Amino acid sequence: MNLKEMCKSLRLAYVAEIYESIPMESPESFLTELFASEMRMREEAKAERLIKKARFINHKTLDLFRWNESIYFPKQMEKEKLCTLGFIEHKQNVVLTGAPGTGKTHLAIGLGRQACEKGYEVRFFRISELVEQLTKSWRDGKLNAFQSRLDTADLIILDEMGYIPLTKESAELLFQLITHWYEQKSIIITSNLEFSQWNRIFSDARLTAALVDRVIHHAHILTFTGDSYRVTHALSRN
């Protein structure tokens, strides 16, 4: 059995590829660095798998996000604390509200990508796409199976809540799904509407109130008050 075969048997995915690049200062330091590299490369590969599984719509990261004073943070939450992702561990929600183009989706995806890099399982949905999948699953008698596929996720990102109104059927399905996740996982929601305006999305006032109650319980609400980055950028080129 050669080295590659032995590494495969021991489930050491990278040792055979990297051992020659590790300096041999002493047997202990060599093995320490070798196994540290193996562990690091495993974590990087896992993060890439989780990022692919999350199905983000772009490659935006927290490093590229422009923090500014137009983002209002609630009490007991600041930039540094948000970025540690402690809210996921405590199964808390994050709601990002504000006008279109102010960076809500960028921040949501940045937090999601960082969560993947820390080993959390994440799913990203545009609300319109999620509702379409929910409705199809319900009509095909596969709603429970659809929900079960998301049960392993630690964080769900729901983007663009409020851009399109929902039918009574789709609103009820979305309510059931969020209720299913309530206090079981974290949710990040981006919306261009304040909570008082969510009745524009959902046709039933009682359902809207119940949904908002579940969303904001244990939630950190960030308000984006600035101008659209896209509009500002377009004007600066003229």
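Residue numbers (full-length UniProt numbering): 1 to 238.
We put the CB at the ideal spot given by N, CA and C, even for glycine.
As the structure is a prediction and not an experimental result, all values here were calculated from the model.
So if DSSP puts residue 220 in a beta bridge, which residue, or which two residues, is it bridged to?
Here residue 220 refers to the residue found at position 220 when the sequence shown is read from its first residue. In the DSSP output, where bridge partners are listed per residue, residue 220 has 94.
For a quick check, are the C-beta atoms of residue 225 and residue 98 less than 8 Å apart?
Translated into the one-based positions of the sequence shown, residue 225 becomes position 225. Translated into the one-based positions of the sequence shown, residue 98 becomes position 98. Yes, these two residues count as a Cβ contact at 8 Å.
Apply the 10 Å Cβ neighbour rule to residue 140 and answer buried if 16 or more other Cβ atoms are within range, or exposed otherwise.
Reading the sequence shown from its first residue, position 140 is the one you call residue 140. So residue 140 counts as exposed.
Would residue 173 and residue 222 be called neighbours here (beta carbons separated by less than 8 Å)?
For the purposes of this step, residue 173 is taken as the residue at position 173 of the sequence shown. For the purposes of this step, residue 222 is taken as the residue at position 222 of the sequence shown. No, the pair does not count as a contact, with Cβ atoms beyond the cut-off.
Would you grab the beta carbon distance between residue 211 and residue 202 for me? Rounded to a whole angstrom, and I think it's under 8 Å.
Position 211 of the sequence shown holds residue 211. Position 202 of the sequence shown holds residue 202. Contact flag correct, Cβ pair sits at about 7 Å.
According to DSSP, is residue 126 helix, strand or coil?
Position 126 of the sequence shown, counting from 1, holds the residue named residue 126. In this structure, residue 126 counts as strand in the three-state DSSP scheme.
How do the stretch 155-162 and the stretch 58-70 stand: do at least 3 beta-carbon pairs fall below 8 Å, yes or no?
As far as the Cβ criterion goes, the stretch 155-162 does not touch the stretch 58-70, which means the pair count is below three.
Just checking my contact of residue 60 with residue 90 at CB under 8 Å: how many whole Å lie between their CB atoms?
By 1-based counting over the sequence shown, the position of residue 60 is 60. By 1-based counting over the sequence shown, the position of residue 90 is 90. Not a contact, Cβ separation roughly 25 Å.
Looking at the secondary structure, which residues open and close the alpha helix (DSSP H) in which residue 190 lies?
Looking up residue 190 in the sequence shown gives position 190. Residue 190 -> not in any alpha helix (DSSP H); beta strand (DSSP E) instead, spanning 186-191.
Enumerate in chain order the residues of its own chain whose CB-to-CB distance from residue 205 is below 7 Å, with the five nearest sequence positions on each side excluded.
Along the sequence shown, one-based indexing puts residue 205 at 205. Here the set comprises 199.
What number of angstroms, rounded off, separates the C-alpha of residue 18 from the C-alpha of residue 36?
Counted from its first residue, the sequence shown places residue 18 at position 18. Counted from its first residue, the sequence shown places residue 36 at position 36. Distance between the alpha carbons of residue 18 and residue 36 is about 11 Å.
If you draw a straight line from the C-alpha of residue 232 to the C-alpha of residue 104, how long is it?
Within the sequence shown, numbered from 1, the residue matching residue 232 stands at position 232. Within the sequence shown, numbered from 1, the residue matching residue 104 stands at position 104. Note on residue 232: pLDDT 49, under 50, position unreliable in the model; the coordinate value appears next. Whole-angstrom Cα-Cα distance: 16 Å.
Could you check the C-alpha separation between residue 239 and residue 31 for me, to the nearest Å?
With the chain running from 1 to 238 in the structure shown, residue 239 is simply not present.
Please name the residue in 197, 26, 183, 7 whose C-alpha comes closest to that of residue 217.
In the sequence shown, residue 217 corresponds to position 217, counting from 1. Looking at the Cα atoms, 183 is the closest of the given residues.
Whole beta strand (DSSP E) runs in the stretch 27-68 with 3 or more residues, listed along the chain?
Runs found: none.
Return the Cβ separation of residue 178 and residue 122 in integer angstroms, given the expectation that the two are a contact with Cβ distance under 8 Å.
Start at 1 with the first residue of the sequence shown, and residue 178 comes out as number 178. Start at 1 with the first residue of the sequence shown, and residue 122 comes out as number 122. Their Cβ separation, rounded to whole angstroms, is 16 Å, which puts residue 178 and residue 122 out of contact at 8 Å.
How would you call residue 151, buried or exposed, if buried means at least 16 neighbouring beta carbons within 10 angstroms?
In the sequence shown, counting from the first residue as 1, residue 151 sits at position 151. The residue is exposed, with fewer than 16 neighbouring Cβ atoms inside 10 Å.
Work out the CA separation of residue 93 and residue 189 for me, nearest whole Å.
Position 189 of the sequence shown, counted from the first residue, corresponds to residue 189. Position 93 of the sequence shown, counted from the first residue, corresponds to residue 93. Taking the straight line from one Cα to the other gives about 8 Å.
Could you have a look at residue 213 and say whether DSSP puts it in helix, strand or coil?
In the sequence shown, residue 213 corresponds to position 213, counting from 1. If DSSP states are grouped into helix, strand and coil, residue 213 belongs with the helices.
How far does the alpha helix (DSSP H) with residue 157 in it reach, from first residue to last?
By one-based count along the sequence shown, residue 157 stands at place 157. Here residue 157 belongs to no alpha helix (DSSP H); instead the beta strand (DSSP E) covers 155-161.
Is residue 71 helix, strand or coil when you go by DSSP?
To locate residue 71, count along the sequence shown from 1; it is residue 71. Correct three-state label for residue 71: strand.
Provide the residue span of the alpha helix (DSSP H) that contains residue 110, from first to last.
One-based indexing of the sequence shown puts residue 110 at position 110. 104-117 is the extent of the alpha helix (DSSP H) around residue 110.
For my contact list, residue 62 and residue 85 are in at a C-beta cut-off of 8 Å; report their separation, rounded to the angstrom.
For the purposes of this step, residue 62 is taken as the residue at position 62 of the sequence shown. For the purposes of this step, residue 85 is taken as the residue at position 85 of the sequence shown. So it is not a contact: roughly 10 Å between Cβ atoms.
State the DSSP-derived secondary structure class of residue 79, mapped to helix, strand or coil.
Along the sequence shown, one-based indexing puts residue 79 at 79. Helix at residue 79.
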